[in-house]
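To start, the structure under review is shown below, and the notes come after it.
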Amino acid sequence: MISENIVYLVITDKSYPRKLAFSYVDELSKEFWTSYGPKVESTRKPYAFVGFGKFILLSLNVIFTPYSRPQIRLCQRQLDFIKTLVTLRVDLISTN
Numbered sequence: 012m013i014s015e016n017i018v019y020l021v022i023t024d025k026s027y028p029r030k031l032a033f034s035y036v037d038e039l040s041k042e043f044w045t046s047y048g049p050k051v052e053s054t055r056k057p058y059a060f061v062g063f064g065k066f067i068l069l070s071l072n073v074i075f076t077p078y079s080r081p082q083i084r085l086c087q088r089q090l091d092f093i094k095t096l097v098t099l100r101v102d103l104i105s106t107n
């Protein structure tokens, strides 16, 4: 993923959900830009942003906990259900 001229890369097992991997990288990119965005263009040191590693480690602990995948699936099912309800309501309102 490329955002604000910064390349973000994630490597996962083949069985890991692609959507989840990209969601993770998207969150990392937002947090990185919030923390270091204005400094990116002017930095010349290769390890200038090594402090961001702490955020990555903390976020990995959340993503790869044993219960995270079932919770994410449950949340996705709930969101899909809500999306269906909203779509039905909008259709109902638009036909009246």
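Note that the working numbering has the sequence shown beginning at 12, numbered continuously upward.
We treat Cβ as the ideally placed atom computed from N, Cα and C, and that holds for glycine.
query: Take Val36 and list the residues in its own chain whose beta-carbon comes closer than 7 Å to its own, dropping the five residues that flank it on each side.; result: Met12, Tyr19 and Val21
query: According to DSSP, is Val18 part of a helix, a strand, or is it coil?; result: strand
query: Just checking my contact of Phe63 with Phe33 at CB under 8 Å: how many whole Å lie between their CB atoms?; result: Contact flag wrong, Cβ pair sits at about 19 Å.
query: Is the CB-CB distance between Leu31 and Ile83 below 9 Å?; result: yes
query: What residue range does the alpha helix (DSSP H) around Asp37 cover?; result: Arg29 to Tyr47
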